[in-house]
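All letters in the sequence shown, in the order written, are residues 1 to 98 by our numbering.
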Amino acid sequence: MIWGHDWITHHRDSQAKYNKPVLMEEFGVRPEQNQIATYENWYSTVIDSGLTGVLIWQAGSNFTNGPTPDDGDAIYPNTPVYRMEQAYSVRLKARNEY
Numbered sequence: 001m002i003w004g005h006d007w008i009t010h011h012r013d014s015q016a017k018y019n020k021p022v023l024m025e026e027f028g029v030r031p032e033q034n035q036i037a038t039y040e041n042w043y044s045t046v047i048d049s050g051l052t053g054v055l056i057w058q059a060g061s062n063f064t065n066g067p068t069p070d071d072g073d074a075i076y077p078n079t080p081v082y083r084m085e086q087a088y089s090v091r092l093k094a095r096n097e098y
């Protein structure tokens, strides 16, 4: 978790230094790695830092013929981590609205 927090704050510093928007992207944490607590920490850090936004590594989908492939990092609808991400997305969107 600490590594991720530092990674985000370094990107925040770059955003401020160069006056350019920064999007944190392509990151993933597996469920067995304390996924929800880690994402809550990282999303809170992103929101507090003023970074532009986030993009997870793998958004999963449930189709009629089954779920999309999962390399271990996929986040599927109607799961606890999905609902947590929805809540943070609302906060991030509200913060970014003018």
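Heads up, the beta-carbon is just placed ideally off N, CA and C, and yes, glycines get one too.
Supposed contact pair Met24 and Val54 - C-beta distance, whole angstroms, cut 8 angstroms: Position 54 of the sequence shown, counting from 1, holds the residue named residue 54. Position 24 of the sequence shown, counting from 1, holds the residue named residue 24. Rounded, the Cβ-Cβ distance is 5 angstroms, consistent with contact.
Segment limits, beta strand (DSSP E) that includes Glu25: Taking the sequence shown and counting its residues from 1, one reaches residue 25 at position 25. First-last of the beta strand (DSSP E) with Glu25: 23–27.
For Ala59, which three-state DSSP category applies? To locate residue 59, count along the sequence shown from 1; it is residue 59. Here Ala59 sits in strand by DSSP.
In terms of DSSP beta bridges, what is Ile75 paired with? If you number the sequence shown from 1, residue 75 lands on position 75. For Ile75, which the question treats as bridged, DSSP gives the partners Ala59.
The alpha helix (DSSP H) enclosing Thr52, as first and last residue numbers: Locating residue 52 in the sequence shown gives position 52, where the first residue counts as 1. That residue, Thr52, is in no alpha helix (DSSP H); it is neither H nor E in DSSP.
Would Gly72 pass as a contact of Trp42 if the rule is Cβ separation under 8 angstroms? In the sequence shown, counting from the first residue as 1, residue 72 sits at position 72. In the sequence shown, counting from the first residue as 1, residue 42 sits at position 42. Their beta carbons are not under 8 angstroms apart, which means Gly72 does not touch Trp42 by this criterion.
For the candidate residues Arg91, Thr68, Thr79, Leu51, whose alpha-carbon lies nearest to that of Pro31? Translated into the one-based positions of the sequence shown, residue 31 becomes position 31. Closest by alpha carbon: Thr79.
First and last residue of the alpha helix (DSSP H) that includes Arg83? The sequence position of residue 83 within the sequence shown is 83, counting from 1. Boundaries of the alpha helix (DSSP H) around Arg83: 80–96.
Look at Val22 and His11 and say whether their C-beta atoms are less than 8 angstroms apart. As a working note, residue 22 is residue 22 in the sequence shown. As a working note, residue 11 is residue 11 in the sequence shown. Against a cut-off of 8 angstroms, the Cβ pair of His11 and Val22 comes out as a contact.
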